[in-house]
Amino acid sequence: MTRNYQKFFPPGTQRGGTDRQLSPLEELGWQPHFAQQISSDELVGTPPVRVVEVHRNGLHVIGSAVDEVIPPRADATVGDWILLDPGHVPSSRVLERKSLLKRRAPGTDRQVQLIAANIETAFIVSSCNQDFNIARLERYVAVCFEAEIDPVILLTKSDLVSDPQAFADEAAAISKLAPVITLDARGDQPKSKLADWCKPGKTVAFLGSSGVGKSTLANALSGTRSIATQAIREDDAKGRHTTTRRQLHLVSGGCLVLDTPGMRELQLMDAASGIEDLFADLNELSANCKFKDCRHETEPGCAVQNAIQSGDLDGARLQRWRKLKAEEAFNSASLAERRSKDKAFGKMVRRVVKAKENRNRRTE
């Protein structure tokens with residue numbers, strides 16, 4: 001029987017303008033961006049599948065009539081689309097991504113850690129308690145801007161404080177492009193307040209520290225309690241890791257939700273554009289400085305320092321800008337050095353192998 005591949009490609013306009021039911025792949029987030037990268041011939045032998053979970057020993061992938069675990073690979077992460085080659089799985093091709101969340105891996109090994117791919121909206125979650133930290137929120141927003149993911153700041157546990165608006169006002173000052181929403185993660189508010197971003201076929205992610213309510217929010221959207229949750233410690237408002245791996249959850253009749261483990265460390269790298277977008281206000285002020293190479297310290301005619309003196313700019317924001325720019329530049333340079341050394345080592349190995357092959361030919 002001839003298989004119908006029409007559902008894999010961008011849908012056409014239907015008569016009467018009625019809503020079209022999504023195909024199984026479209027419910028998993030399949031979009032024209034991915035369909036345009038493949039041909040109908042490729043679909044015959046290599047069906048598209050999406051990585052919905054990353055295990056230590058494999059990748060859980062789901063597609064049309066496909067649900068299996070394949071061997072792990074360093075170039076794929078949760079949310080990726082792969083053209084699965086059943087006959088030779090290592091030859092399967094990872095499709096070009098719409099977005100990619102990444103960070104410098106913890107430790108001193110100077111490597112990149114892929115967090116998630118093909119996310120439309122990132123809900124950056126923080127609690128209205130001791131967990132609330134402007135500098136940490138700025139890091140998440142910068143990473144989202146760099147990845148071209150829409151950031152939305154969610155403030156949970158707002159029912160436990162007398163003035164949640166004070167937290168919301170601080171968060172709103174981070175960026176005009178990052179909406180701020182306060183809610184109670186345990187009730188019906190997540191479904192109603194996040195509905196604009198959680199459309200069928202869309203993929204959203206919850207990012208933030210442990211114990212801020214990421215898993216509780218994911219459960220609220222899905223209408224189940226399938227994701228483990230745990231209370232925060234009362235003494236310091238810090239949470240415990242209940243989510244131990246990154247996993248996509250398909251909400252019935254809705255979006256795909258990525259629940260991630262809390263990240264104690266978010267080191268920025270390859271995120272210069274994201275930082276520039278995050279601190280757009282400082283860049284606009286800098287354009288009015290007397291000197292083009294102004295360091296915004298003691299130079300005469302510094303528009304940034306004038307804004308601080310007049311109260312229009314918080315001096316702490318300038319310091320956080322400097323810190324993020326310095327960190328990103330250092331990490332990116334370290335990564336470039338690591339890549340250069342790896343490339344040089346690879347060339348050396350190839351030369352040794354080629355020389356050995358030449359010697360073997362001469363002795364034959």
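Numbering (UniProt numbering) for the sequence shown: 1 to 364. Glycine included, C-beta positions come from ideal geometry on N, C-alpha and C.
Three-way DSSP call (helix, strand, coil) for residue i in this model
| i | result |
| --- | --- |
| residue 183 | coil |
| residue 68 | strand |
| residue 83 | strand |
| residue 126 | strand |
| residue 21 | coil |
| residue 156 | strand |
| residue 46 | coil |
| residue 93 | strand |
| residue 78 | coil |
| residue 282 | helix |
| residue 131 | coil |
| residue 216 | helix |
| residue 53 | strand |
| residue 318 | helix |
| residue 150 | strand |
Buried or exposed by the 16-neighbour rule on C-beta atoms within 10 Å, applied to residue i
| i | result |
| --- | --- |
| residue 162 | exposed |
| residue 80 | buried |
| residue 298 | exposed |
| residue 328 | buried |
| residue 291 | exposed |
| residue 50 | buried |
| residue 96 | exposed |
| residue 91 | exposed |
| residue 69 | exposed |
| residue 74 | exposed |
| residue 45 | exposed |
Residue range of the beta strand (DSSP E) that includes residue i
| i | result |
| --- | --- |
| residue 33 | Note, residue 33: premise wrong, no beta strand (DSSP E); alpha helix (DSSP H) at 32-35. |
| residue 203 | 203-208 |
| residue 62 | 58-63 |
| residue 259 | 256-259 |
| residue 247 | 247-250 |
Bounding residues of the alpha helix (DSSP H) (the contiguous stretch that carries residue i)
| i | result |
| --- | --- |
| residue 165 | 164-172 |
| residue 303 | 303-310 |
Chain-order list of residues whose beta-carbon lies under 7 Å from that of residue i (same chain, five-residue window excluded)
| i | result |
| --- | --- |
| residue 365 | The requested residue 365 is not part of the displayed model; the chain covers only 1 to 364. |
| residue 142 | 268, 271, 274, 275, 278, 324 |
| residue 199 | 255 |
| residue 283 | 276 |
| residue 326 | none |
Proximal residues to residue i (C-beta, below 6 Å), its chain only, five neighbours per side dropped
| i | result |
| --- | --- |
| residue 302 | 289, 294, 296 |
| residue 14 | For residue 14, the predicted structure reports a pLDDT of 40, less than 50, and the residue's modelled location is therefore unreliable. The matter cannot be settled from this model. |
| residue 234 | Residue placement at residue 234 cannot be trusted, given a pLDDT of 41 that sits under 50; what the coordinates show is reported in the next sentence. For residue 234, where only same-chain residues beyond five positions count, there are no Cβ hits under 6 Å. |
| residue 150 | 121 |
| residue 313 | 307 |
Beta-bridge pairing of residue i - partner residues as DSSP gives them
| i | result |
| --- | --- |
| residue 102 | 114 |
| residue 190 | Its beta-bridge partners do not exist; DSSP assigns none. |
| residue 137 | Paired residues: none, contrary to the question. |
| residue 267 | 104 |
| residue 121 | 150, 204 |
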